[in-house]
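In the numbering used here, the protein residues as written are 13 to 199.
Glycine included, C-beta positions come from ideal geometry on N, C-alpha and C.
Nothing here was measured: the structure is a model prediction, and the numbers come from that model.
Worksheet: the structure to be examined is printed underneath.
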């Protein structure tokens with residue numbers, strides 16, 4: 013009976029709304045550097061790392077694979093701003109000057125609002141750091157969203173058939189274990 017209830021709960025579990033974007037840190041334009049996207053210097057990576065640490069001082073543990081989203085890590089209501097790493101489990105290497113911004117929540121308007129707050133905060137923190145260091149406006153780092161425009165909010169839900177099957181398998185396993193214990197203690 014509990015297994016059937018579990019299957020019903022698994023099939024009716026609500027999904028979440030999710031948005032993700034990249035904030036690229038772009039070198040200042042000059043006659044020597046007319047295309048700021050072609051330059052990937054260590055200073056841009058460092059600036060992105062500092063901004064990420066200020067915006068999110070207590071980040072989630074890094075995933076085993078950079079393709080794993082915060083939804084895949086079990087977050088149902090929250091956000092993440094991280095500097096993606098390109099190393100392995102023994103070496104944390106940072107080579108790309110961009111921040112991965114992810115927001116998840118129960119409603120699309122809340123996700124959009126939180127994403128806007130984070131994107132504004134990233135730009136504000138970067139500008140503030142540069143002003144504190146007396147960087148001239150012509151030499152300031154620029155930011156660029158990838159993909160451009162307002163980040164799209166998606167509705168995500170797990171596979172209802174897989175979750176139901178998992179509940180059935182667990183239910184059968186627990187039933188068999190309970191029956192084995194009953195037989196053992198009945199002797």
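Contact between the stretch 152-165 and the stretch 27-45 is established, with three or more Cβ pairs separated by less than 8 Å.
Within the DSSP secondary-structure output, residue 113 pairs in a beta bridge with 33 and 93. Per DSSP, the beta-bridge partners of residue 157 are 35.
Residue pairing of residue 137 in beta bridges, as defined by DSSP: absent, with no partner found. Per DSSP, reduced to three states, the secondary structure at residue 41 is coil, with no helix or strand assignment. The beta-carbon separation of residue 57 and residue 109, rounded to 5 Å, stays under the 8 Å limit for a contact. In this structure, the straight-line span from the alpha carbon of residue 32 to that of residue 114 is close to 4 Å.
Relative to the Cα of residue 126, the nearest Cα in the group 76, 168 and 89 belongs to 89.
Rounded to the nearest whole angstrom, the C-alpha separation of residue 92 and residue 192 is 46 Å. In the same chain as residue 83, and ignoring 5 residues on each side of it, the C-beta atoms closer than 7 Å to its own belong to 28, 30, 116 and 168, in chain order. Distance check between residue 68 and each of 165, 180, 162 and 131 places 131 closest, using alpha-carbon atoms only.
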